[in-house]
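In this note's numbering, the protein residues as written are 64 to 305.
Here it is in structure tokens:
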């Protein structure tokens with residue numbers, strides 16, 4: 064009754080096809096790094112513990128954080144720090160990394176943390192760990208998390224049966240924006256503005272089950288502090304083209 068599939072979730076439809084499953088009645092996405100992955104020091108996800116700069120969710124994939132730091136240009140590093148980490152000091156950090164690797168490559172997380180910390184004004188350090196956003200950006204780039212998610216949510220919706228439900232747990236704003244946009248699109252009519260009637264093919268596919276996003280309760284956050292940033296969005300399929 065249970066099938067485990069080693070794949071990336073934008074290949075959702077391919078996996079169902081291989082199992083002979085046409086549609087499903089429930090889909091749950093729990094996005095981001097799992098606690099199991101995060102707590103395994105050797106995976107390199109944590110900026111608070113020294114480890115190889117790996118950051119792969121799938122250990123069989125070729126791209127690592129170490130390769131990105133060694134091979135990407137200054138402009139490419141700046142782009143991912145800004146786009147995926149929303150890091151205001153992206154340009155400064157990218158420049159320092161390129162300068163540093165000319166002397167020796169960055170291979171350990173502690174080396175990267177030391178470099179970032181040294182390049183960060185003390186006033187900014189007081190607001191939180193200076194390497195947090197850089198590590199987030201590298202992890203997203205290594206695993207192509209946002210591009211995968213942009214393909215995965217529409218694929219999941221296509222696979223959902225009428226009355227089936229999709230639930231998504233997102234832990235940072237970049238993911239949540241993608242989920243919000245995809246569910247909003249599928250829960251809106253596609254009828255042209257000003258059309259006096261709505262034709263059946265223009266009906267919304269989904270009905271939102273949560274107004275906005277649902278947050279973790281105080282009790283949940285007390286029991287599980289890692290649930291603090293979560294945003295839960297859910298929808299139900301109400302119509303599907305034949």
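Heads up, the beta-carbon is just placed ideally off N, CA and C, and yes, glycines get one too. Owing to the predicted nature of the structure, the values given are computational and were not obtained by experimental measurement.
- The beta-carbon separation of residue 137 and residue 161, rounded to 5 Å, stays under the 8 Å limit for a contact.
- At least 8 Å separates the beta-carbon of residue 107 from that of residue 163.
- The C-beta distance from residue 298 to residue 189 rounds to 41 Å, too long to fall under 8 Å, and the pair is not in contact.
- In terms of CA proximity to residue 246, 217 leads the group 217, 256, 265.
- In the DSSP assignment, residue 129 falls within the unbroken alpha helix (DSSP H) covering 128-134.
- One Cα belongs to residue 113, the other to residue 104, and the distance between them is close to 7 Å.
- For residue 249, same chain residues with a beta-carbon under 6 Å away, outside a window of 5 residues either side, are 220, 268, 269 in chain order.
- Secondary structure note for residue 92: its beta strand (DSSP E) is the uninterrupted segment 87-93.
- Pairing residue 117 with residue 158, the inter-Cα distance amounts to about 21 Å.
- Sixteen is the threshold: when 16 or more other Cβ atoms of the shown chains lie within 10 Å of the Cβ of residue 147, as they do, the residue is buried.
- Sequence-distant Cβ neighbours of residue 65 in its own chain, meaning closer than 8 Å and more than five residues away, do not exist here.
- Beta-bridge pairing by DSSP links residue 277 to 295.
- The three-state reading of DSSP puts residue 269 in strand, counting E and B together.
- DSSP places residue 68 in the coil class of the three-state scheme, outside both helix and strand.
- For the options 302, 233, 294, 129, the alpha carbon positioned closest to that of residue 262 is the one of 302.
- In summary, residue 124 is exposed, with fewer than 16 beta-carbon neighbours lying within 10 Å of its beta-carbon over all protein chains present.
- With contacts defined by Cβ atoms closer than 8 Å, residue 211 and residue 73 form a contacting pair.
- A distance below 7 Å between beta-carbons, with the five flanking residues on each side excluded, links residue 290 to the following residues of its chain, in chain order: 279, 283, 284.
- Residue 256 sits in coil when the DSSP states are folded into three classes, being neither helix nor strand.
- By the criterion of a C-beta distance shorter than 8 Å, residue 100 is surrounded in its chain by 106, 108, 120, once the five residues flanking it on both sides are discounted.
- Around residue 90, the same chain offers 219, 229 as residues with beta carbons nearer than 6 Å, after the five sequence neighbours per side are excluded.
- At a Cβ-Cβ threshold of 8 Å, residue 294 and residue 200 do not count as neighbours.
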